[in-house]
Amino acid sequence: MSHSMDLFFIGGIMLLALGAHALGQRLHVPRVTLLLMLGALAGPQMLDVVPARASENFGLVTELTLAIVGFLLGERMSFRDLRQGRQAIIISLSVTLFTALVIFLATWAVTHNLAASLLLAAIATATDPAATLDVIRETESRGPLTRVVAQVVAIDDAWGAILFSILLVFAELLAGNGATVMETMTHGVTEVAGALILGVLLGLPMAWMTGRLKPGEPMLLESAGFVFLAAGIAGALEVSYLLTCMALGVTVANAARHHIRPFRSIEGIAEPFLAMFFFLAGFGLDWSLLPTLGLLGAVYVVARIAGRILGGYAGGLLAGSEREIRLRNGACLLPQAGVAMGLALVATDRMPELTYLLPLVIGTTVLFEVLGPPVTMYNLRRAGESGRGFEEETDED
């Protein structure tokens, strides 16, 4: 059987992603958003130019992509870096927890759906490090606020992914399956602990091998092999593959002698998977639901802004930060992009009855990606840190 159409489709997506990257830079719009829109235009609800069977392997693409994303997020939890960023850790945890709490209360008041509110609470914590760092570079900012914001966005998504993996378990068990509180707690602890243990058990031999491969040797084979093996075993054991791969990344980041190399090698193959992931997400999205989400969307946006600002202020107080950092760090953390959409896709796949969740997250993510960078720029300028010369941090291995 010929796979000519499949190859044509894959090649077309790669080239569309390249075009979306160039266009996004000119329009200051995330390429993730453009890929979603292109997928939607090609889908059955709009131009219908791509066969419906194109989405048959979307589940596999999702797991492969998010396994890579989870592993890369694990790098941000290096204990070496965390020890040097006490203030950033406290603020990032505070922002994550406050955002989740405010979103949960606000969305539950509107939907009265406990499972949906838990999932939206976790998804709302994700940020867009690339957009935030782009603003810092563009404004050539340097100073205490800039340093804290750069450190916080580096680990924010990691906390969000951990929280999402935990809340997803409880959301599934609370979605009308009749389980008792004790059964829910036991299953939740088992799934999360199992994912963490599996990630560590596979991460230790991976870290050992990483320290013995020399530059020029097949590092990518080792990295990709362990990441996909971890995701496969996690699926077979019915534990979170996202959390397993993240635990794998954390273990390698902290135990490997040359911990930078496996992450850079995986980054080299992430782009094609991400391109297919977001194109197919737009292709299969039910866009007709978007106009019906007015009230919930407005509440979600306001609650997320409030959660970021309150969490940033509370974290600044707990960390003993100066006044400018307390007042402005939360507002600098509004941009949101691919990780949030990826988490929403996982949630929709696991709980397909929540049909409005993905359109809501995509719509609000686009809004935050448009509004967030100017707000970050404004706060850096008000803090007097723009134009002072941004210093890029370099990897050391």
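Each residue of the sequence shown is one higher than the last, beginning at 2 in our numbering.
Glycine is no exception: its CB is placed at the ideal position from the N, C-alpha and C atoms.
Remember, it's a predicted structure, so these values are computed and weren't measured experimentally.
- Of the residues Phe-105, Asp-157, Leu-19, Gly-236, the one whose Cα lies closest to the Cα of Val-303 is Phe-105.
- Between Gln-152 and Leu-67, the alpha-carbon positions lie close to 23 Å from each other.
- At a Cβ-Cβ threshold of 9 Å, Thr-377 and Cys-333 count as neighbours.
- When the alpha-carbon of Leu-335 is set against those of Leu-311, Phe-59, Leu-28, Gln-88, the nearest one is in Leu-311.
- Taking the CA atoms as reference points, Val-170 sits about 8 Å from Glu-192.
- With respect to Ala-101, Gly-308 sits close: the two C-beta atoms are nearer than 9 Å.
- Under the three-state reduction of DSSP output, Thr-126 falls in the coil class, being neither helix nor strand.
- Pairing Arg-262 with Gly-269, the inter-Cα distance amounts to about 11 Å.
- In the three-state reduction of the DSSP assignment, Arg-87 falls in the helix class, which pools H, G and I.
- Judged by pairs of C-beta atoms under 8 Å, the region 196–214 touches the region 222–235, as three or more such pairs exist.
- Taking the Cα of Gly-317 as reference, the smallest distance to any Cα among Gly-331, Arg-305, Ile-306 is reached at Gly-331.
- Note that the region 158–172 touches the region 125–138; at least 3 beta-carbon pairs, one per stretch, sit closer than 8 Å.
- In this structure, the beta-carbon distance from Phe-278 to Val-62 falls below 9 Å.
- When only Cα atoms are considered, Phe-369 and Gln-337 end up about 6 Å apart.
- Sixteen is the threshold: since fewer than 16 other Cβ atoms of the shown chains lie within 10 Å of the Cβ of Thr-187, the residue is exposed.
- In the three-state reduction of the DSSP assignment, Thr-356 falls in the coil class.
- With contacts defined as CB atoms closer than 9 Å, Gly-40 and Phe-274 fail to qualify as a contacting pair.
- Under the three-state reduction of DSSP output, Val-50 falls in the coil class, being neither helix nor strand.
- Within the same chain, Cβ atoms closer than 6 Å to the Cβ of Ala-172 are found at Ala-116, Leu-119, Leu-120, the five residues on either side in sequence being excluded.
- For Val-111, the closest C-alpha among the options Ala-341, Val-300, Val-51 is that of Val-300.
- In terms of Cβ geometry, Leu-146 and Arg-329 form a close pair [threshold 9 Å].
- For Gly-236, the enclosing alpha helix (DSSP H) stretches over residues 220–238.
- At the C-beta level, Gly-75 and Thr-211 stay beyond 9 Å of one another.
- Under the 10 Å beta carbon count, Met-220 is surrounded by 16 or more other beta carbons and is classified as buried.
- DSSP places Cys-333 in no alpha helix (DSSP H); its state is neither H nor E.
- With a cutoff of 9 Å on beta-carbon distance, Gly-60 and Tyr-242 are scored as not near each other.
- Annotated three-state conformation of Asn-255 is helix, per DSSP.
- With a 10 Å radius around the Cβ and a threshold of 16 neighbouring Cβ atoms, Ser-5 comes out exposed.
- Put simply, of Phe-10, Val-136, Val-50, Ala-257 the residue whose alpha carbon is nearest the alpha carbon of Ala-208 is Ala-257.
- Excluding five sequence positions before and after Met-47, the CB atoms of its chain that fall closer than 7 Å to its own CB belong to Ala-41, given in chain order.
- In this structure, the alpha-carbon of Ala-21 lies about 12 Å from that of Gly-13.
- Secondary structure note for Pro-45: it is in no alpha helix (DSSP H), with a DSSP letter that is neither H nor E.
- Boundaries cannot be given for Leu-175, as no alpha helix (DSSP H) includes it and DSSP labels it neither H nor E.
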